[in-house]
Amino acid sequence: MMSSSVTRRQFIEGAASGIAAAALLPAAPALAQSNWAAIVQSVVAEGQPFDAGLVVETARNLARRPLVPVVATDLPDGYANLPYDQYAGIRAVPGSLLWAGENRGFTVEPLHRGYVFSRPVGLFTVEDGIVRRVAFDRAKFDYGRVAPPPPNLDLQFSGMRIAAGLERPFEVAVFQGATFFRSLARGQNLGAMARALILRPGETRGEEIPFFRAFWIERPSAASGALVIHALLDSESLTGAVRMTLRPGDITLIDVEMTLFARQVLDHIGFGCTMGTFLSGPQSRRGFDDLRPAVHEVSGVQMLTGGGEWIYRPVNNPATLQVSSFMDENPRGFGLVQREREALAFQDDDQRFELRPSVWTEPLGDWGAGSVQLIEIPSDSELNDNIIAYWRPRQALAAGSETSLAYRQAWCWQPPEKPALATAVRTRQGRGTQPRRRRFLIDFSGERLADAAQVAAIRAAVSTSQGTIHNVRLWPYPERKLMRVGFEVEPGADSLSELRLVLQAGGQPVSETWLDRWTW
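In the working numbering, the protein residues as written are 1275 to 1794.
Right, dumping it as C-alpha cells:
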C-alpha cells in the first residue's frame, strides 16, 4: 500500500531509476553512454532529415545492446527534493512555448526537471522534414520561489504539456515520467492516466518500468487539427518506437502505434494501460472519515468482448490486493470509465471528480487471445492511482522478437461506442439481513426501460461463483427509464464471491452484463 504522502505514480517513477541503475553492467558507464548517444545521433538528431522509420531502426539497434541507464546526476542541488508546490511553480514564461503565436492550433510547453521527475528526456521538433533540437534555456522559465540553475547548464526536460485550440485553448495532454501520459476532452479536468506500456505489475518479482528517452514532435499545419508525436521507448527487457496522433475535441482521440523489440522473454506485458483513483463510494465502502459521499475519478472497467458481449465491472478499494482476469480473444474495446456525472454524488468543489475523463481503448487489428487485467490496490489516499486496467496477451514475446500493434484511445465523457442495452449507472452495497450476507442494489438505465409493457417481461439473472443468492427483487421506474435490482449474497464457508447479473426478457439480454467481486 502506498502511503498518503507518496502517490503510486511518484513511487513507480522513483522505482524506475532504481531498476535502471540495477541493470547497469560492469562495462564503463561513459563508454555505454557514448555508444547510446552515437546510435541516436546517427539517425534522428539535430539537422537530420526525419523519417518515422528511423525511430524504429534506432529502437531495433538499441535492442541489440544491454540497457544504458539514465542516471540523473546533473540536477542542481535541491532540485530532486523540491516540494511539489515549489516544483509546480516552475513554468515556461509566456511566449516561449513551441509555436506560440503561430496559430497552428497547438502549443507545447517543455517541462522542467525536478521533484520526482529527475530523468532527462530529449525534445525535438520536426519542421519542414528536418529535426530541430529543443534546447534548454533557463531564461525561458519563471522559477517562482526556486533558485534558478546555474547558467549554461543543459538540463534537457522531464516531458511536455500540450495545449490545443485557437480562440479558447485548453490543456489537452501531459507527457511526463516513465511512459505516463494524460489527456482529456474539452470541459474536463485531468484525471485518469495512461501508460504506453506496463510490465509485470502486481508480481512478487517486481514491476519493470519502461521510460521514454526522447520525443520528436511534428510541427502541425494550421488546419490539420492533429499533432503527431514520435517517441523512443527503452527498458531492461525491451525497446520500442511509438507514434501517437493526438486529435483534441469534445472527444479527444489518441491513436497509438508501436513497434517493440524484446531483449528478453516477456511473459507479462500490458497494452492500452490506464490507471485511476478509487478511494470510496457507495459500491465499496471502507472506514474512511471523509465528509464527501464519494471519492473517485473512475467508477469501473467497461469491456466489449470479441464475441460482442458488453460487460461492466465496478471497481473497489479492497482490503487486500485483488487481481482479476477477464479472458477474451480479439477484444473490441475496454477501459476505465467514470459513470458518475452528478456533482452531488461527490460534493467536492475543488476536485470535481464528476468532470474526470473516461478512457476507452479500441484495438486496431486483431490482438489474439489474452485477457483484460484489472488490478485493485488497497489505498488510504485519493492521491494514489490504485486501479489499473490493461490487455495482457496470452502469448509471451520471445527474446529477439519484433511486435507491432496499434490502438485508439478516446478520452471522453462516455465511450464513443456504447451498447444498445441498459447500462449499470450506479452500484450500492451494504450489510444484508443476516450477519454473513451482503446486500447489493444496482440501477440500470436505458430507453427500453421506459416501456412499461416491455419492462413487465424483464427478469434478473443473478449468479455467484461461491455461496448462494437470496431475495432477488426488481423495482421498475419507467418514467425515469430505470430498473433497480436488489439481491443478497451469502458466501457460506467461502471468502470470495464472483457475482454476475444481467437483465433478460424472453431469454435475451436487455442490459449489459454486470460483474463484481466481493471478499469477506
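Think of the CB as a built atom: it goes at the ideal place given N, C-alpha and C, for glycine as much as any other residue.
Quiz item: Under 9 Å, do residue 1577 and residue 1646 count as touching if we go by C-beta distance?
Solution: On the sequence shown, position 303 is the one that residue 1577 refers to. On the sequence shown, position 372 is the one that residue 1646 refers to. Between residue 1577 and residue 1646, the C-beta gap is smaller than 9 Å, which places the two residues in contact.
Quiz item: Nearest-angstrom Cα distance between residue 1394 and residue 1345?
Solution: Counting from one through the sequence shown, the residue named residue 1394 turns up at place 120. Counting from one through the sequence shown, the residue named residue 1345 turns up at place 71. Taking the straight line from one Cα to the other gives about 9 Å.
Quiz prompt | residue 1389, buried or exposed, once every other Cβ within 10 Å from all chains shown has been counted against 16 | solution = Translated into the one-based positions of the sequence shown, residue 1389 becomes position 115. Result: buried.
Quiz item: residue 1491 and residue 1399 look like a contact to me (Cβ under 8 Å); what is the Cβ gap, rounded to whole Å?
Solution: Numbered from its first residue, the sequence shown carries residue 1491 at position 217. Numbered from its first residue, the sequence shown carries residue 1399 at position 125. Confirmed, Cβ separation roughly 5 Å.
Exercise. Provide the residue span of the alpha helix (DSSP H) that contains residue 1383, from first to last.
Key: Locating residue 1383 in the sequence shown gives position 109, counting from the first residue. First-last for residue 1383: 1380-1385, but that is the beta strand (DSSP E), not the alpha helix (DSSP H).
Quiz item: Given that a residue counts as buried once 16 or more other Cβ atoms are within 10 Å of its Cβ, and exposed if not, what is residue 1441?
Solution: Counting from one through the sequence shown, the residue named residue 1441 turns up at place 167. Exposed, since its Cβ has fewer than 16 Cβ neighbours within 10 Å.
Quiz item: Start and end of the alpha helix (DSSP H) containing residue 1327?
Solution: Residue numbering aside, residue 1327 sits at position 53 when the sequence shown is read from its first letter. From DSSP, the alpha helix (DSSP H) with residue 1327 extends over 1326-1337.
Quiz item: residue 1505: buried (16+ other C-beta within 10 angstroms of its C-beta) or exposed?
Solution: Within the sequence shown, the letter at position 231 stands for residue 1505. Classification of residue 1505: buried, given that the 10 Å Cβ count is 16 or more.
Quiz item: Does DSSP put residue 1562 in a helix, in a strand, or in coil?
Solution: Taking the sequence shown and counting its residues from 1, the one referred to as residue 1562 is at position 288. Look at residue 1562 here: in three-state DSSP terms it is coil, with no helix or strand label.
Exercise. Would you mind sorting residue 1273 into buried or exposed? The rule is 16 or more other CB atoms within 10 Å of its CB.
Key: Nothing about residue 1273 can be read from this structure; the chain reaches only from 1275 to 1794.
Quiz item: Which value, in whole angstroms, describes the spacing of the CA atoms of residue 1473 and residue 1707?
Solution: Taking the first residue of the sequence shown as position 1, residue 1473 is located at position 199. Taking the first residue of the sequence shown as position 1, residue 1707 is located at position 433. Cα to Cα, the separation comes out at about 43 Å.
Quiz prompt | Residues near residue 1279 in its chain [Cβ-Cβ closer than 7 Å; skip 5 each side] | solution = The sequence position of residue 1279 within the sequence shown is 5, counting from 1. With a pLDDT of 36 at residue 1279, under the threshold of 50, the modelled position of that residue is not reliable, and the figure given next carries that caveat. The answer is none, since no qualifying residue turns up.
Quiz prompt | Backbone CA spacing between residue 1655 and residue 1555 [nearest angstrom] | solution = Here residue 1655 is taken as the residue at index 381 of the sequence shown, counted from 1. Here residue 1555 is taken as the residue at index 281 of the sequence shown, counted from 1. The straight-line gap from Cα to Cα measures roughly 14 Å.
Practice problem: Measure the Cβ-Cβ separation of residue 1604 and residue 1558 and say whether it is below 9 Å. | Solution: On the sequence shown, position 330 is the one that residue 1604 refers to. On the sequence shown, position 284 is the one that residue 1558 refers to. Not closer than 9 Å, so no.
Practice problem: Grab me the residues of residue 1642's own chain with a C-beta within less than 8 Å of its C-beta, minus the 5 sequence neighbours each way, in chain order. | Solution: Working through the sequence shown from its first residue, we reach residue 1642 at position 368. In the same chain as residue 1642, and ignoring 5 residues on each side of it, the C-beta atoms closer than 8 Å to its own belong to 1603, 1604, 1667, 1668, 1669, in chain order.
Quiz prompt | Chain-order list of residues whose beta-carbon lies under 8 Å from that of residue 1418 (same chain, five-residue window excluded) | solution = Taking the first residue of the sequence shown as 1, we reach residue 1418 at position 144. Correct list, in chain order: 1360, 1363, 1364, 1365.
Quiz item: Which residues share a DSSP beta bridge with residue 1790?
Solution: Start at 1 with the first residue of the sequence shown, and residue 1790 comes out as number 516. Its beta-bridge partners are 1773.
Quiz prompt | Proximity of residue 1470 and residue 1532 at Cβ, strictly below 9 Å | solution = The sequence position of residue 1470 within the sequence shown is 196, counting from 1. The sequence position of residue 1532 within the sequence shown is 258, counting from 1. Going by C-beta atoms, residue 1470 is nearer than 9 Å to residue 1532.
Quiz item: In whole angstroms, what is the alpha-carbon distance linking residue 1600 and residue 1648?
Solution: By one-based count along the sequence shown, residue 1600 stands at place 326. By one-based count along the sequence shown, residue 1648 stands at place 374. It is roughly 8 Å from the alpha-carbon of residue 1600 to the alpha-carbon of residue 1648.
Quiz item: Secondary structure at residue 1729, three-state DSSP: helix, strand or coil?
Solution: Residue numbering aside, residue 1729 sits at position 455 when the sequence shown is read from its first letter. Correct three-state label for residue 1729: helix.
Practice problem: Could you name the residues that DSSP lists as bridge partners for residue 1592? | Solution: Here residue 1592 refers to the residue found at position 318 when the sequence shown is read from its first residue. Beta-bridge analysis with DSSP links residue 1592 to no other residue.
Quiz item: Since residue 1362 is in the beta strand (DSSP E), which residue starts that stretch and which ends it?
Solution: In the sequence shown, the residue the question calls residue 1362 occupies position 88. Judged by DSSP secondary structure, residue 1362 falls outside any beta strand (DSSP E) and instead within the alpha helix (DSSP H) spanning 1358-1362.
Quiz item: If you pair each beta-carbon of the region 1398-1414 with each one of the region 1458-1466, do three or more pairs fall below 8 Å?
Solution: In short, these stretches do not touch, since the Cβ pair count stays below three.
Quiz prompt | residue 1674 versus residue 1511: straight-line alpha-carbon distance, rounded | solution = Locating residue 1674 in the sequence shown gives position 400, where the first residue counts as 1. Locating residue 1511 in the sequence shown gives position 237, where the first residue counts as 1. The straight-line gap from Cα to Cα measures roughly 10 Å.
Self-check item: Distance between beta carbons of residue 1465 and residue 1630, contact taken as under 8 Å
Solution: Taking the first residue of the sequence shown as position 1, residue 1630 is located at position 356. Taking the first residue of the sequence shown as position 1, residue 1465 is located at position 191. Indeed, because the Cβ distance is near 3 Å, the residues count as touching under 8 Å.
Quiz item: Hey, out of 1735, 1770, 1693, whose CA is closest to residue 1710's CA?
Solution: Position 436 of the sequence shown, counted from the start, is the residue given in the question as residue 1710. Nearest in C-alpha terms to residue 1710, of all of 1735, 1770, 1693, is 1770.
Quiz item: So, using beta-carbon positions, are residue 1379 and residue 1438 closer together than 9 Å?
Solution: In the sequence shown, counting from the first residue as 1, residue 1379 sits at position 105. In the sequence shown, counting from the first residue as 1, residue 1438 sits at position 164. The Cβ atoms of residue 1379 and residue 1438 sit closer than 9 Å to each other.
Practice problem: Leaving out five residues on either side along the sequence, give the residues of the same chain with a beta carbon under 6 Å from the beta carbon of residue 1774. | Solution: Along the sequence shown, read from residue 1 onward, the residue named residue 1774 stands at position 500. Counting only Cβ-Cβ distances below 6 Å, and skipping sequence neighbours, we find 1737, 1789.
Quiz item: With DSSP run on the structure shown, which of helix, strand or coil describes residue 1637?
Solution: Within the sequence shown, residue 1637 is the residue found at index 363, counting from 1. Strand at residue 1637.
Exercise. Identify every residue that forms a DSSP beta bridge with residue 1404.
Key: Here the question's residue 1404 lines up with position 130 in the sequence shown. Per DSSP, 1323, 1401.
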